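Final position of the sequence shown in our numbering is 1101; the numbers increase by one with none missing. C-beta atoms are modelled at their ideal positions from N, C-alpha and C, and glycine is treated no differently. Note that the structure is predicted; figures quoted are calculated from it, not measured. Note sheet for the following structure.
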Amino acid sequence: MLQLLTSNPLLSSAILSWFFAQFFKTIIDSIRAGELCLKRFWETGGMPSSHSATVCGLAAAAAIREGFTSSVFALSLVLATVVMYDAMGVRQAAGQHAREINEIKKQLGDDDSDNLPEKLGHRPTEVMSGAVLGIVIAWIVCSLVPSGA
953 MLQLLTSNPL LSSAILSWFF AQFFKTIIDS IRAGELCLKR FWETGGMPSS
1003 HSATVCGLAA AAAIREGFTS SVFALSLVLA TVVMYDAMGV RQAAGQHARE
1053 INEIKKQLGD DDSDNLPEKL GHRPTEVMSG AVLGIVIAWI VCSLVPSGA
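Pasting the structure below:
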């Protein structure tokens, strides 16, 4: 497993981009809350977008290693576009709906059931910061892993 990660810069870039996005998200939210929020590492939403970081890390590594005219880059670019659009559109709307439903439940006095998760989607700045993080991670990984490895 470790050899697969160290010998495949596309996979390594995607996984490390996700990891660092989640790590930074946990740190940022912990600072905002004034306490350590380790559960944020596994949650969606927030700054930076780990979904954007992951797919942009993959696409950037594909561009660096396979070239901008490769099928691998084309596929990863389409995937990245769909994922980032979804994060800002559908998932953002779902988060807004969850906030409104939770508010209605609160007004009705429903304290027995759990609230719906509200941090589902992303603002454009969160998506862009995740994309930049993914590209930077891919550049670092591709610089460290020799071609043909």
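Neighbour-count burial assignment, residue i, 16 or more Cβ in a 10 Å radius
i     : result
G997  : buried
V1034 : exposed
S959  : exposed
V1079 : buried
D981  : buried
T1077 : exposed
P961  : buried
Backbone secondary structure at residue i - three-state DSSP
i     : result
F1025 : helix
G1082 : helix
P1076 : helix
L1060 : coil
V1093 : helix
P1098 : coil
Supposed contact pair residue j and residue i - C-beta distance, whole angstroms, cut 8 Å
i     : j     : result
S1004 : V1093 : That pair is no contact at about 17 Å.
Residue i beta carbon near the ligand ZN (any heavy atom closer than 8 Å)
i     : result
V1079 : Ligands in the displayed structure: none, and consequently the ligand ZN is not present.
Start-end ranges of the alpha helix (DSSP H) lying completely within the region 973 to 1050, minimum 4 residues: 1002 to 1018 and 1023 to 1040
The region 992 to 1006 in contact with the region 1014 to 1023 per 3-pair CB rule at 8 Å: no
Any 3 or more C-beta pairs closer than 8 Å across the region 1025 to 1034 and the region 984 to 994: no
Any 3 or more C-beta pairs closer than 8 Å across the region 1081 to 1098 and the region 1011 to 1019: yes
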